[in-house]
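Below is one structure, written out as structure tokens, with a few remarks after it.
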Amino acid sequence: MGPGPSSANPSVLRAMSLPVLGYLDPAYFKVLDEVILMLKEVFKTEQRAFAVAGAGSAGMEAGLQSILERGDKVIICSYGFFCERQVNMCQRLGAEVVELKSEWGKAFNPEQLADALKQHPDTKLVVSIHAETSAGTLHPVKEMSEITHRAGALFMTDVVTSLGGCDVDFDRWDLDFAYSGSQKCLAAPPGISPVALSERALEYIRKRKTLPSSWYLDLTLIADYWGPERKHHHTNPVNMVYGLREALALTLNEGLETRWLRHERVAAALRAGLSALGLQSPVDPAVRLNQLTVVTLPTGVNDIALRTQLFEQYGIEVGRGLGQFAGKVIRIGLMGESCVPANVFNLLNALERLLPTHGYEVAKGAGAAAASAQLAEQPAPIY
Ligand SMILES: Cc1ncc(COP(=O)(O)O)c(C=O)c1O
Numbered sequence: 000m001g002p003g004p005s006s007a008n009p010s011v012l013r014a015m016s017l018p019v020l021g022y023l024d025p026a027y028f029k030v031l032d033e034v035i036l037m038l039k040e041v042f043k044t045e046q047r048a049f050a051v052a053g054a055g056s057a058g059m060e061a062g063l064q065s066i067l068e069r070g071d072k073v074i075i076c077s078y079g080f081f082c083e084r085q086v087n088m089c090q091r092l093g094a095e096v097v098e099l100k101s102e103w104g105k106a107f108n109p110e111q112l113a114d115a116l117k118q119h120p121d122t123k124l125v126v127s128i129h130a131e132t133s134a135g136t137l138h139p140v141k142e143m144s145e146i147t148h149r150a151g152a153l154f155m156t157d158v159v160t161s162l163g164g165c166d167v168d169f170d171r172w173d174l175d176f177a178y179s180g181s182q183k184c185l186a187a188p189p190g191i192s193p194v195a196l197s198e199r200a201l202e203y204i205r206k207r208k209t210l211p212s213s214w215y216l217d218l219t220l221i222a223d224y225w226g227p228e229r230k231h232h233h234t235n236p237v238n239m240v241y242g243l244r245e246a247l248a249l250t251l252n253e254g255l256e257t258r259w260l261r262h263e264r265v266a267a268a269l270r271a272g273l274s275a276l277g278l279q280s281p282v283d284p285a286v287r288l289n290q291l292t293v294v295t296l297p298t299g300v301n302d303i304a305l306r307t308q309l310f311e312q313y314g315i316e317v318g319r320g321l322g323q324f325a326g327k328v329i330r331i332g333l334m335g336e337s338c339v340p341a342n343v344f345n346l347l348n349a350l351e352r353l354l355p356t357h358g359y360e361v362a363k364g365a366g367a368a369a370a371s372a373q374l375a376e377q378p379a380p381i382y
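Take 0 as the starting number for the sequence shown in numbering that gives the first Met the number 0 and just add one per residue.
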């Protein structure tokens, strides 16, 4: 129940132990074809969908360094720890970075972006994060994308925590590049970054004046391997791709809408239980994520001690606060495989037992009763 990696489905782990095939073998191309078809469904796109070998940060860096040339202006909408990573990457690329800071845990106002684009009409790219896992917030990327395109720039977004856990609509939201991670709501181990790329962005990258600085993360080269050309690039991580294929099949088998509803309903039960224990969140309810719940630690409750007790005494892993939330919150993930009512009840029970050892008294049974009442009113789809 951490912020990712979440638990992997056992059949995904089994799929990863299938025999290794050559990455240029026609038999393996059939696997790639299946993965592409399923990725298109999950990203809801008719355009390019493939996977970058590496963590979610590889997808992030592939997008930034393929689109941006040295000296290009980039606007980064910044409301969390991973937005700051995007800023860092763009600075390393020698881009001119305009960072639009907005308070963690609160809604980002798209008007702020519209104003910035008026002030910086030479902006090449706007960068954002759909689901900010450090702050536990969901952001209006559809609106931000519209505003960006009106100003003639490209728009990219991070869907590492959102893909598979809530709606991501690549084509209808007119996105240019979106990257995710295998290890969150898709319920596969970490190591591969599913991405979607618009034909407009691909064309733009092919026409840039200088070559992207990284050969390995050049999206045109990766697209040419995954595309009909099947051009040789680096050795594809075939067993990770088997795992991704299985994870995508499980996701689509459950049904995207059902999966999102499961995340919504199970998270609502968790929030009801936490609130019955008197626990608060620094996140504005209007923008809070279902996949990740940020909980403020009551005075006197030590983050490391509590997480150690949870893990050692109950086998439950939750995440720590990052950046400005470090030491002040815990982050509870309900992603993919881990997003089931049983986990919510186990955690509420464990918190009820452990919090009093930190001097924070709670009403016994209140958390589970509230979660149960919430699920009775709005049941979660069975997984
Ligand atoms: C929103 C977001 N973006 C990017 C990343 C980076 O992903 P990775 O750790 O797989 O590189 C994470 C990781 O938690 C994330 O939550």
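Virtual Cβ for every residue (Gly too), placed ideally from N, Cα, C.
Contact check, residue i vs residue j, beta carbons under 9 Å
| i | j | result |
| --- | --- | --- |
| I66 | A200 | yes |
| V361 | L276 | yes |
| A54 | G164 | no |
| H231 | N301 | no |
| I386 | A61 | Not covered by the structure: residue 386. The range shown for the chain is 0 to 382. |
| Q373 | A285 | no |
| Y78 | K105 | yes |
| V343 | Y382 | no |
| P227 | V41 | no |
| K72 | D121 | yes |
| P380 | T257 | yes |
| Q64 | L92 | yes |
| D170 | T44 | yes |
| K117 | A152 | no |
| P189 | G3 | yes |
Residue of the options minimising C-alpha distance to residue i
| i | options | result |
| --- | --- | --- |
| P9 | Y241, S280, Y215 | Y241 |
| E98 | E110, P2, I204, E83 | E83 |
| S144 | A187, R287, W172, H262 | W172 |
| A187 | T298, E245, A113 | E245 |
| E110 | A50, W103, P139, D121 | P139 |
| L353 | P297, L269, C184 | P297 |
| Y215 | A375, R207, Y224 | Y224 |
| K141 | G151, T156, A152 | T156 |
| E102 | F324, A341, Y359 | F324 |
| V126 | V86, S161, G135, T160 | V86 |
Segment limits, beta strand (DSSP E) that includes residue i
| i | result |
| --- | --- |
| P193 | 191 to 196 |
| F169 | Here F169 belongs to no beta strand (DSSP E), and DSSP marks it neither H nor E. |
| R47 | 47 to 52 |
| L153 | 153 to 157 |
Cβ shell of residue i (< 8 Å), same chain only, five flanking positions each side left out
| i | result |
| --- | --- |
| V294 | L273, L278, Q279, S280, V328, I329, R330, I331 |
| N238 | M15, S16, L17, V19 |
Residues near residue i in its chain [Cβ-Cβ closer than 7 Å; skip 5 each side]
| i | result |
| --- | --- |
| L196 | Q46, R47, F176, L218, A222 |
| F80 | S133, L321, G322 |
| A115 | I74, V97, L99 |
| E336 | S5, S6, A7, N8, A186 |
| Y22 | T234, N235, V237 |
First through last residue of the alpha helix (DSSP H) which encompasses residue i
| i | result |
| --- | --- |
| M143 | 140 to 149 |
| D114 | 109 to 118 |
Cβ neighbours of residue i in the same chain (closer than 6 Å, five flanking residues each side left out)
| i | result |
| --- | --- |
| L137 | A130, V286, L288 |
| F310 | E316 |
| V11 | A187, G242, E245, A246 |
| G366 | G272, A275, L276, L347, E351 |
| S213 | Q64 |
Neighbour flag for residue i against chain B, beta carbons, 9 Å
| i | result |
| --- | --- |
| A94 | The question asks about chain B, but that chain is absent: this structure has only one protein chain. |
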